[in-house]
Amino acid sequence: MSDLRVPIFAVSALVLFLSAAAQASLVYIDRARLRHMLEEGRPRANALLRLLEEPTSTLSTILVIYTIALCIASCSAFWFDFDVWWATAPWVAIVFGVIELLILLLAQFLGRVVAVARPERVALTFVRPVELMVRILFFVLVPLNSLDELVRRLMGVQHGITPADAEDRLRHLVEGNTDLEEGEREMIASVIELGEQPVREIMVPRIDIVAAPDKSTVRDVLDRIVESGHSRIPIFDASIDNITGVIYAKDLLKFLRDGLQSAPVQPLAREPSFVPETKKVDELLHEMQQRHVHLAVVVDEYGGTAGLITIEDLIEEIVGEIQDEYDVEEAMIEEVSPSEALFDARVSIRDVNDTLDLEIEDEDFDTLGGLLYHELGKVPNVGDEVRVDGAVVTVLTTTGRRVRKVRVTKVPQDPAPD
């Protein structure tokens, strides 16, 4: 290149490198690291956060600069190659053209590589220049953003992604990551599903609640605690639907030491916490952590007691079953073969679907027991079975009116008629 074409091309390639680095750094930056930098009072961290809060304007600014630089580099290269074509030989111009193309591609590639390796450092380096360019190109960005919004509306494309889309993308990333162990994959999937699960799916149902009348003595409640192995039990007035407090086993130790076993237990009761059965599991976990609550009473739409939920139940949804010295080892799910498994009737339909790769609808019920009652229309007996959504569900054991053990067998679906 002659005259100013060499420096023009070189500067344009440098701008391409810087634009690619700035764009990639903003995409790959770790938000958690950024919050940490804000807490440390790092300079320019606030400015970087402002740019990330307006991603459309920020990335559009970088794209405009990138496009201008690419056009200038291409024009200067074409101008030079055109002169070479006529001054020497066509093959020389072609060689120069290939070299120029490789330089531009390499500039973009290296910019992204540098940014991905150190996104926070690169982003902090470019934050002031990008912020300045956003202000300078404001009048260019306004019509561009308006045009972008118009095209999205005409094509029916939503701006950004919905939480559901984000969760689906995260699931695909987790499933496709071969570096994760199976247990790690399951744990991450469980965390994602916390935002979808209502409390009623994992609560201890009303029929399994261990409670005591509020007129009980310390001895009565101690006996219940010893028999059940629970460290906390609710007390109620007349009916389980009217829970008045929660007794902690450790609060009874002083009375036991002082020989006051016949003392009324009601004054020791702590204020109960109530939550609706439709509340999402992740919201409840956060609330219980914030309020330092270990047990909550789950109420139905009529205000009656539907069940109990403990913080241990919530944590088990993430890490799996936690067995302590009082738990009786009893598997909730026993896989017999890839197409058959034995389930506790309290297992959720969601877990049944995951275990046997089924698609059983669960709009009207949450558990296998609920499915059997819904489909049979009567109290299930041993041997009763129902066919639903590609599966045969058979009652194996019952206790009174309650279903205990169930076998689910996956059956091949009949091919759809032509």
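Be aware that the sequence shown starts at 857, since it is given in this note's numbering, and climbs by one per residue. Note that beta-carbon positions come from the ideal geometry of N, C-alpha and C, so glycine has one too.
Item	Value
Per DSSP, the bridge partner or partners of I1089	I1103
With 16 other Cβ atoms within 10 Å as the buried cut-off, status of M893	buried
Beta-carbon gap between S868 and I918 smaller than 8 Å	no
Reduced DSSP category for M857 - H, G, I as helix; E, B as strand; rest coil	Low local confidence applies: a pLDDT of 45 at M857 is under 50, so the model's placement there is unreliable, and no value is given.
First and last residue of the uninterrupted alpha helix (DSSP H) at E1143	1137-1147
Opening and closing residue of the alpha helix (DSSP H) in which D1200 lies	No alpha helix (DSSP H) contains D1200, which is instead part of the beta strand (DSSP E) from 1196-1200.
Span separating the alpha-carbon of C931 from that of V920	17 Å
Length of the line joining the Cα atoms of R1126 and S1002	57 Å
DSSP three-state assignment for P1132, whether helix, strand or coil	strand
Strand pairing of V1249, partner residues [DSSP]	V1242, V1264
Selection from A1247, N1237, L1227, L1164 that minimises the alpha carbon distance to L1195	Residue identity differs from the one stated: residue 1195 is Ser in this sequence, not Leu. Ranking A1247, N1237, L1227, L1164 by Cα distance to S1195 puts A1247 first.
Selection from V1235, T1161, P985 that minimises the alpha carbon distance to Q879	P985
Residue range of the unbroken beta strand (DSSP E) whose run includes S1310	Residue 1310 is absent from the structure shown; the chain starts at 857 and stops at 1274.
Distance CB(E882)-CB(T912) smaller than 8 Å	Note on residue identity: the sequence assigns Leu, not Glu, to residue 882. No, Cβ-Cβ distance for L882 and T912 is not below 8 Å.
Pick from T1250, D1156, S916 that is closest to V1131, judged by C-alpha positions	D1156
Inter-residue spacing [alpha-carbon to alpha-carbon] between G1256 and D1079	25 Å
Beta-ladder partner(s) of I1165, from DSSP	A1152
Residue range of the unbroken alpha helix (DSSP H) whose run includes L1158	With the sequence shown as reference, residue 1158 is identified as Tyr, and Leu is not the correct amino acid for it. Taken as a continuous stretch (DSSP letters only), Y1158 belongs to no alpha helix (DSSP H), as it is neither H nor E.
Cα-Cα separation between F934 and E895, rounded to whole angstroms	50 Å
Own chain, CB closer than 7 Å to V1259, minus 5 neighbours either side, in chain order	A1201, G1225, L1228, P1236, V1251
Stretch pair the stretch 1157-1166 + the stretch 1055-1062: three plus CB contacts closer than 8 Å	yes
Classification of F995 by the beta-carbon crowding that lies within 10 angstroms, buried from 16 upward	exposed
Burial state of T1338 (16 or more Cβ within 10 Å)	Outside the modelled stretch of the chain, which goes from 857 to 1274, sits residue 1338, for which no answer is possible.
Residue environment, F965, which counts as buried when at least 16 other CB atoms sit within 10 Å	exposed
Beta carbon of L1170 nearer than 8 Å to that of L1140	yes
Contact belief for E976 with R889 at Cβ below 8 Å, rounded distance in angstroms	5 Å
Which listed residue (I1091, P946, R1263) has its alpha carbon closest to that of F1199	R1263
Inter-residue CB distance, F873 and A963 (contact presumed, cutoff 8 Å)	4 Å
Neighbourhood of V1066 by C-beta distance below 7 Å, restricted to the same chain and skipping five residues each side	R1080, S1084, H1086, I1089
CA nearest to the CA of A949, picked from I955, W941, E956	W941
Residue environment, F938, which counts as buried when at least 16 other CB atoms sit within 10 Å	exposed
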